[in-house]
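Student:
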Amino acid sequence: MARKKIKVQADHSYMDRFEEVAQGLKEAGMTVQDEITLLGHFRGLADAGDIERLKALPGVKSVEVTGEEGEEEQDEYSISGED
Amino acid sequence: MSNGDETSVDGEETGRYLIFFHPEALPDTARMARNAAGIAMTATAEDAELATASEEWRETDTVVVPALGVAIASAEPEQVSRLQGAGAPIRHVRKEYIFQIANPDFVSVSTDYLRGYQAGVNALAAEILGRTQQEVEAEVLDAASFRDNADFTWGLQATGVDRGRLTGSGVRVAVLDTGFDMQHPDFLTRGIVSQSFITGVEPAPTPQDDNGHGTHCLGTLGGPRMPGQAPRYGIATDSQLFVGKVMKSNGKGREGDILHGIGWALQNNCRIVSLSLGKPVARGESPDTDYEEIGAVALRKNCLLIAAAGNDSDRPGSIEPVALPANSRTILAVGAINRRLELYPRSNGGLNLDGGGIDLVGPGVEVRSSKRLPIRYGNDTGTSMATPHVAGIAALLMEADPGATAEQIWTRLTQTAKRLPLPSSDVGSGLVQVV
Numbered sequence: 203m204a205r206k207k208i209k210v211q212a213d214h215s216y217m218d219r220f221e222e223v224a225q226g227l228k229e230a231g232m233t234v235q236d237e238i239t240l241l242g243h244f245r246g247l248a249d250a251g252d253i254e255r256l257k258a259l260p261g262v263k264s265v266e267v268t269g270e271e272g273e274e275e276q277d278e279y280s281i282s283g284e285d
Numbered sequence: 031m032s033n034g035d036e037t038s039v040d041g042e043e044t045g046r047y048l049i050f051f052h053p054e055a056l057p058d059t060a061r062m063a064r065n066a067a068g069i070a071m072t073a074t075a076e077d078a079e080l081a082t083a084s085e086e087w088r089e090t091d092t093v094v095v096p097a098l099g100v101a102i103a104s105a106e107p108e109q110v111s112r113l114q115g116a117g118a119p120i121r122h123v124r125k126e127y128i129f130q131i132a133n134p135d136f137v138s139v140s141t142d143y144l145r146g147y148q149a150g151v152n153a154l155a156a157e158i159l160g161r162t163q164q165e166v167e168a169e170v171l172d173a174a175s176f177r178d179n180a181d182f183t184w185g186l187q188a189t190g191v192d193r194g195r196l197t198g199s200g201v202r203v204a205v206l207d208t209g210f211d212m213q214h215p216d217f218l219t220r221g222i223v224s225q226s227f228i229t230g231v232e233p234a235p236t237p238q239d240d241n242g243h244g245t246h247c248l249g250t251l252g253g254p255r256m257p258g259q260a261p262r263y264g265i266a267t268d269s270q271l272f273v274g275k276v277m278k279s280n281g282k283g284r285e286g287d288i289l290h291g292i293g294w295a296l297q298n299n300c301r302i303v304s305l306s307l308g309k310p311v312a313r314g315e316s317p318d319t320d321y322e323e324i325g326a327v328a329l330r331k332n333c334l335l336i337a338a339a340g341n342d343s344d345r346p347g348s349i350e351p352v353a354l355p356a357n358s359r360t361i362l363a364v365g366a367i368n369r370r371l372e373l374y375p376r377s378n379g380g381l382n383l384d385g386g387g388i389d390l391v392g393p394g395v396e397v398r399s400s401k402r403l404p405i406r407y408g409n410d411t412g413t414s415m416a417t418p419h420v421a422g423i424a425a426l427l428m429e430a431d432p433g434a435t436a437e438q439i440w441t442r443l444t445q446t447a448k449r450l451p452l453p454s455s456d457v458g459s460g461l462v463q464v465v
């Protein structure tokens with residue numbers, strides 16, 4: 203079964219401990235592929251069954267499923283000048 | 031009859047009449063009035079100012095203003111009837127009204143009343159000038175608007191940048207966009223720090239602008255005091271510029287790349303990140319948790335994220351909500367106005383209740399700034415153009431008060447904004463100002 207692509211955002215009140223949050227995510231089964239530790243933002247893969255556990259970790263503000271493993275990230279943002 | 035003391039006049043009419051002549055009758059207005067109604071107009075003047083100063087006018091209480099095709103005269107009711115029935119040379123006869131200077135009661139009247147008053151004045155001007163009311167209104171609007179002059183763009187004038195001496199010196203500012211034209215002659219000595227964060231494209235792009243949008247936005251934020259070609263278009267002329275390429279040549283980009291750019295700006299101790307980009311959201315959609323947290327992290331690191339509200343509206347019929355990430359409560363959202371200080375019709379509005387409001391507006395229509403070579407200079411429109419105005423002014427405020435936190439600068443920007451007679455859901459606290 204394909205793993206889920208997820209993005210995790212840490213709570214800003216943990217901003218001095220974002221590395222600990224990242225470590226906790228990894229220990230809870232998330233494969234972290236992209237870390238923006240300064241912002242507390244992590245992207246990667248997780249089994250669907252692990253997602254609730256990830257959400258309950260200390261310092262985790264949100265976990266969002268963005269797709270299935272192997273799916274390409276889309277260009278969702280546009281410049282805000284007139285077309 | 032007026033005794034020359036405006037404060038002693040009672041009632042709304044003077045007792046005199048305005049007689050409007052057809053243009054071809056102007057050279058002979060006095061004779062025609064005498065022939066038509068027996069009104070003696072012994073005083074004439076070449077223009078209204080001369081007439082006002084004329085002692086003869088004061089004595090006879092009559093005046094002809096050939097330049098306007100108007101005569102003002104005392105007349106008996108039967109004389110007025112004869113004038114009104116005189117036909118060809120006389121277009122119209124009506125009572126002269128008293129106009130008063132503003133008083134406290136007047137300034138407290140509603141906007142609707144003032145608009146009605148303005149319409150009345152425009153109608154009168156149209157009548158006197160023999161033109162349509164629409165023509166007069168267009169001229170009034172044009173006269174009341176900002177325009178690029180030899181020294182400054184209209185946006186720098188409207189925001190008070192032209193009157194200030196601050197330069198943004200010592201303040202690090204980041205523009206995350208399509209990159210920047212590193213060969214632009216106005217920036218060759220500027221020492222711009224740049225990096226590309228674009229993923230999924232081979233070969234990996236450099237920070238060089240392959241779209242043009244980023245070059246325009248950065249020019250407004252930090253263009254030079256003395257550009258190669260006037261007028262000046264840049265605000266924080268001595269700020270230290272950081273360019274993060276997070277959007278591709280087609281003007282599209284990935285969230286992950288944008289976030290890497292924000293992280294890079296924070297790592298480099300940038301005090302301001304200007305984001306002229308976004309993603310539309312639905313009505314009723316809550317702000318994105320990630321950006322709420324990221325904006326909060328940036329504020330705690332003393333950095334202000336400033337983002338464009340988006341151009342998804344089509345007013346008056348359709349108003350769309352502030353786009354992501356500007357809809358986050360921890361990110362300053364910027365809408366756009368034009369040079370008449372009217373709302374840009376496509377600027378998004380503060381529709382969603384739990385956040386997603388507009389904080390400020392900036393000049394965003396027909397904004398002149400730097401363009402990719404070989405063009406060098408040109409106009410662009412959108413909330414993208416308004417955003418670097420706010421970012422540049424934030425840099426000036428940070429220079430003026432280096433000890434102020436990013437949150438304090440945010441508060442100062444909103445407190446000193448120029449209030450506009452438009453809904454706060456569209457313009458927030460108003461037009462950003464250098465104070």
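These protein sequence lines map, in sequence, to chains R and Y. The working numbering numbers the first residue of the first sequence as 203 and each following residue consecutively. The working numbering numbers the first residue of the second sequence as 31 and each following residue consecutively. Beta carbons are placed, not taken as given, at the ideal position from N, Cα and C, and that holds for glycine. Given the structure is predicted, the values throughout are model-derived calculations rather than measurements.
1. Which one of Y:Pro451, Y:Pro215 and Y:Ala174 has the shortest CA to CA distance from Leu403 (chain Y)?
2. Using a C-beta to C-beta distance shorter than 8 Å, which residues of chain R count as neighbours of Ser226 (chain Y)?
3. Within its chain, find whatever has a CB closer than 8 Å to the CB of Thr229 (chain Y); leave out the 5 residues flanking it on each side and keep chain order.
4. Given that Glu274 (chain R) touches chain Y, what residues does it touch there, using C-beta distances under 9 Å?
5. Take the Cβ of Glu271 (chain R) as the centre, count every other Cβ of all protein chains shown within 10 Å, and call the residue buried at 16 or more, exposed below.
6. Is DSSP giving Ala248 (chain R) helix, strand or coil here?
7. Between which residues of its own chain and Gly198 (chain Y) is the CB-CB distance below 6 Å, once the five residues before and five after are set aside?
8. Bridge partners for Gly408 (chain Y) per DSSP, in chain order?
9. Can you list, in chain order, the residues of its chain whose CB lies under 6 Å from that of Val420 (chain Y), leaving out five sequence neighbours each side?
10. With distances taken Cα to Cα, identify the nearest neighbour of Arg291 (chain Y) among R:Gly283, R:Glu237, R:Val267 and R:Val265.
11. My parser needs the beta strand (DSSP E) runs of 3 or more residues fully inside the region 190 to 219 of chain Y; what are they?
12. Look at the alpha carbon of Ala116 (chain Y) and the alpha carbon of Val110 (chain Y), and state the distance between them as a whole number of angstroms.
13. Where does Tyr263 (chain Y) sit, in a helix, a strand or coil, going by DSSP?
14. So, helix, strand or coil for Asp287 (chain Y), using DSSP?
15. Measure the Cβ-Cβ separation of Tyr359 (chain Y) and Cys333 (chain Y) and say whether it is below 8 Å.
16. Which of the three DSSP states, helix, strand or coil, is assigned to Lys278 (chain Y)?
17. Compare the C-alpha of Asp207 (chain Y) against each of Y:Gly314, Y:Ala295 and Y:Tyr47 and name the closest.
18. Cβ of Glu370 (chain R) less than 8 Å from any chain Y Cβ?
19. With a cut-off of 8 Å, does the C-beta of Arg255 (chain R) fall near any C-beta of chain Y?
20. So for Val265 (chain R), helix, strand or coil by DSSP?
21. With respect to the beta strand (DSSP E) encompassing Gln225 (chain Y), which residues constitute its N-terminal and C-terminal limits?
22. Which chain Y residues sit within Cβ distance under 7 Å of Ile238 (chain R)?
23. With burial defined as no fewer than 16 other Cβ atoms inside 10 Å of the residue's Cβ, what is the status of Ser316 (chain Y): buried or exposed?
24. Below 7 Å CB to CB, which residues in the same chain sit around Gly385 (chain Y) once its five sequence neighbours on both sides are set aside?
25. Helix, strand or coil for Thr72 (chain Y)? Go by DSSP, reduced to three states.
26. With a threshold of 6 Å on Cβ separation, who are the neighbours of Arg449 (chain Y) within its own chain once the five nearest residues in sequence on each side are excluded?
Tutor: Reading from the atomic positions:
1. Counted from its first residue, the second sequence places residue 403 (chain Y) at position 373. The residue with the shortest Cα to Cα distance from Leu403 (chain Y) is Y:Pro215.
2. The residue labelled residue 226 (chain Y) in the question sits at position 196 within the second sequence. Within chain R, no residue comes near Ser226 (chain Y); the closest Cβ sits about 15 Å away, beyond 8 Å.
3. Along the second sequence, one-based indexing puts residue 229 (chain Y) at 199. So the qualifying residues of the chain are Arg284, Gly286 and Asp287.
4. The sequence position of residue 274 (chain R) within the first sequence is 72, counting from 1. Simply Gly230.
5. By 1-based counting over the first sequence, the position of residue 271 (chain R) is 69. By the neighbour-count rule (16 or more Cβ atoms within 10 Å), Glu271 (chain R) is not buried but exposed.
6. Stepping through the first sequence from its first residue, residue 248 (chain R) is reached at position 46. Residue state, collapsed to three classes: strand.
7. Taking the second sequence and counting its residues from 1, the one referred to as residue 198 (chain Y) is at position 168. For Gly198 (chain Y), where only same-chain residues beyond five positions count, the Cβ hits under 6 Å are Ala266, Asp268, Ser269, Ala425, Leu426 and Glu429.
8. Walking along the second sequence from the start, residue 408 (chain Y) turns up at place 378. Beta-bridge pairing links Gly408 (chain Y) to Y:Ser399.
9. Counting from 1 along the second sequence, the entry for residue 420 (chain Y) is found at position 390. Correct list, in chain order: Ile336, Val364, Leu390, Gly392 and Val462.
10. Counted from its first residue, the second sequence places residue 291 (chain Y) at position 261. The sequence shown places Gly at residue 291 (chain Y), not Arg. Checking every option, the nearest Cα to that of Gly291 (chain Y) belongs to R:Glu237.
11. 202 to 207
12. For this step, residue 116 (chain Y) is matched to residue 86 along the second sequence. For this step, residue 110 (chain Y) is matched to residue 80 along the second sequence. Each residue's alpha carbon lies about 10 Å from the other.
13. Numbered from 1 along the second sequence, position 233 holds the residue referred to as residue 263 (chain Y). Note: Tyr263 (chain Y) maps to coil in three-state DSSP.
14. Taking the second sequence and counting its residues from 1, one reaches residue 287 (chain Y) at position 257. Residue state, collapsed to three classes: helix.
15. Counting from 1 along the second sequence, the entry for residue 359 (chain Y) is found at position 329. Counting from 1 along the second sequence, the entry for residue 333 (chain Y) is found at position 303. Looking at the sequence itself, residue 359 (chain Y) is Arg, so the reference to Tyr does not match. It is not a contact, given that the beta carbons lie outside the stated cut-off.
16. For the purposes of this step, residue 278 (chain Y) is taken as residue 248 along the second sequence, with counting starting at 1. Of the three classes helix, strand and coil, the one that applies to Lys278 (chain Y) here is coil, per DSSP.
17. Here residue 207 (chain Y) refers to the residue found at position 177 when the second sequence is read from its first residue. Ranking Y:Gly314, Y:Ala295 and Y:Tyr47 by Cα distance to Asp207 (chain Y) puts Y:Ala295 first.
18. As displayed, chain R neither begins before 203 nor continues past 285, which places residue 370 (chain R) out of reach and without an answer.
19. The count along the first sequence starts at 1 and reaches residue 255 (chain R) at position 53. No, no contact with chain Y.
20. Stepping through the first sequence from its first residue, residue 265 (chain R) is reached at position 63. In this structure, Val265 (chain R) counts as strand in the three-state DSSP scheme.
21. Along the second sequence, read from residue 1 onward, the residue named residue 225 (chain Y) stands at position 195. Segment Val223 to Ser226, the beta strand (DSSP E) holding Gln225 (chain Y).
22. Numbered from its first residue, the first sequence carries residue 238 (chain R) at position 36. Those within 7 Å of Ile238 (chain R) in chain Y are Leu289, His290 and Gly293.
23. One-based indexing of the second sequence puts residue 316 (chain Y) at position 286. Ser316 (chain Y) should be labelled exposed.
24. On the second sequence, position 355 is the one that residue 385 (chain Y) refers to. Same-chain partners within the cutoff: Pro317, Asn357, Ser358 and Arg359.
25. Residue mapping note: residue 72 (chain Y) aligns to position 42 of the second sequence, counting from 1. Low confidence applies here, because Thr72 (chain Y) scores a pLDDT of 43, under 50, leaving its location unreliable; read the following figure in that light. Here Thr72 (chain Y) sits in coil by DSSP.
26. As a first step, residue 449 (chain Y) is located in the second sequence; it is residue number 419 there, counting from the start. Hits under 6 Å: Gly460.
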